[in-house]
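> Residue numbers (my numbering): 2 to 305.
Where a beta carbon is used, it is the ideal one built from N, C-alpha and C, also for glycine.
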Amino acid sequence: MTPDRDLNLNLPVLGSLAQHEASALSNYATEFLFGCWGGQPLLCACQLIHLSTLCFSWAVSTVMTRQNFVPSADGTGMVHALIPLWDMCNHTNGQLTTTFSPELDRSECTACRSYSAGDQIFIFYGSRSNADLFVHNGFVFGDNHHDSMRLKLGVSKADPLQAERAKLLSRLGLPTTGEFYLKTGADPVDGRLLAFLRVFSMRQEHLEHWLDSERSSDLVYPDCALETDVETKTWNFLHTRIKLLLSAYPTTMLDDLDQLNKGGLASCRRLAIQMRVSEKKILHGAIDYVEQRLLACGHPSSNN
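1. Does the Cβ of N339 have 16 or more other Cβ atoms within 10 Å, making it buried, or fewer, making it exposed?
2. Spatial neighbours of L258 within its chain, please: C-beta separation below 8 Å, excluding the five flanking residues on both sides.
3. Which class does H285 belong to by DSSP, given the choice of helix, strand or coil?
4. Check whether the Cβ atoms of V200 and W236 lie closer than 8 Å to each other.
5. Where in the region 101-186 do unbroken runs of the alpha helix (DSSP H), each at least 4 residues long, occur, reported from the N-terminal end onward?
6. Any idea which residues DSSP pairs D72 with across the strands?
7. Considering Cα atoms alone, identify which of G127, V221 and L227 is closest to Q96.
8. Return the Cβ separation of L183 and I283 in integer angstroms, given the expectation that the two are a contact with Cβ distance under 8 Å.
9. Within a Cβ cutoff of 6 Å, which residues of the same chain sit near L220, ignoring the five residues on either side of it in sequence?
10. Can you tell me where the alpha helix (DSSP H) with G192 in it begins and where it stops?
11. Would DSSP call T99 helix, strand or coil?
12. To the nearest whole angstrom, what separates the beta carbons of L162 and L105, a pair I think is in contact under 8 Å?
13. So what's N237 in DSSP terms, helix, strand or just coil?
14. Buried or exposed for K281, please, with buried defined as at least 16 other CB atoms from any protein chain shown within 10 angstroms of its CB.
15. How should W211 be labelled, buried or exposed, when 16 other C-beta atoms within 10 angstroms of its C-beta is the threshold for buried?
16. Can you tell me whether DSSP reads H300 as helix, strand or coil?
17. Mapping DSSP to helix, strand and coil, what is N91?
18. Could you pull out every residue in the same chain whose Cβ sits closer than 7 Å to the Cβ of C110, ignoring the five residues on either side in sequence?
19. Candidates T233, M276 and S268: which alpha carbon is nearest Q293's?
20. Do you know offhand how far V187's Cα is from G286's?
21. For R277, which three-state DSSP category applies?
22. Take S157 and list the residues in its own chain whose beta-carbon comes closer than 8 Å to its own, dropping the five residues that flank it on each side.
23. What is the rounded straight-line gap between the Cα of A46 and the Cα of L173?
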């Protein structure tokens, strides 16, 4: 919060608390890590003796994940704010129900369903993947309707058709190298990913056709009228890529589920395995979807 807003609300804080605490923790981190790496810490030992790595990590994550944005007092921009009561709510699937009331100068959160006395109140943190929740919030949500997995793809500069592919991708608003997404659910292949793979799989005559077409934007849709050989190549490429990703894991899905069911795991290990299961669910779901698309093309996967 800004100093003027702190004063107006009569809060027992001085200055921009969120930013101050983040800055202070950053300074402590520098001193602490310098000491851990064998250097001479600038702070005296008495200031660091109770700051374990775990406590430091907890403190940083607590402050950094609670820097919420609200309009500044003069309305010219956004500033950080700490909203303690709101931060007590855990996450569930739903929709964003938090707004800011300029008239009352406060954030307001509406319940996403009816609650009875004694019930735990949940809010929706936003359309975040489990990877984002894992890194920034420290948990994995088992039934995440917005879960996704990043794929890094790119057109090689050595590709003789790189210029044509780049031109068509640019028309579609897509990069020649970037991150794309596989999603959870019945339609796991994001439209941007699908369009990129189709352009990536085209021969010169296909690229020329779509560069001349006024319907090139149709390439983002699953049922776009596309040449069968291009469509087959597209789905086979994605099938191979997903298989390679799955083969990189040191365990199978069953191995992970067995470990989770046995219990006795340290909390951090359990969380890491849950994250691994989350990724594998997306990949297995995508494999099933791709194989259905290949069957629709009349070409079962060449990787089976």
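Quick answer:
1. Since the first residue of the chain shown is 2 and the last is 305, residue 339 is not available in this structure.
2. Counting only Cβ-Cβ distances below 8 Å, and skipping sequence neighbours, we find V278.
3. In the structure shown, H285 sits in a helix (DSSP, three-state: H, G or I).
4. In this structure, W236 does not lie closer than 8 Å to V200 by Cβ.
5. Counting only runs of 4 or more, we get 131-138 and 163-172.
6. Looking at the sequence provided, one finds Pro at residue 72 rather than Asp. Residue pairing by DSSP puts P72 in a beta bridge opposite M79.
7. Of the listed residues, the one whose Cα sits closest to Q96 is G127.
8. That belief holds up - the Cβ atoms of L183 and I283 are roughly 5 Å apart, short of 8 Å.
9. Only A196 and R199 meet the Cβ criterion.
10. Under the DSSP assignment, G192 falls in the alpha helix (DSSP H) whose first and last residues are G192 to S202.
11. In the structure shown, T99 adopts extended strand secondary structure according to DSSP, grouped into three states.
12. Between L162 and L105 the beta-carbon gap is near 58 Å, outside 8 Å, which marks them as no contact.
13. DSSP places N237 in helix when its eight states are reduced to three.
14. By the 10 Å Cβ count, K281 comes out buried.
15. Result: buried.
16. Coil at H300, not helix or strand.
17. Looking at N91 - three-state DSSP - the assignment turns out to be strand.
18. Non-local C-beta neighbours of C110 in its own chain, meaning closer than 7 Å and more than five positions away in sequence, comprise W87, T98, T99 and I124, ordered along the chain.
19. Ranking T233, M276 and S268 by CA distance to the CA of Q293 puts T233 first.
20. For clarity, residue 187 is Ala in the given sequence; the question names Val instead. One C-alpha to the other measures close to 8 Å.
21. DSSP places R277 in helix when its eight states are reduced to three.
22. Q163.
23. Summary for A46: the model assigns pLDDT 48, below 50, so the residue's position carries little reliability, and this model does not support an answer.
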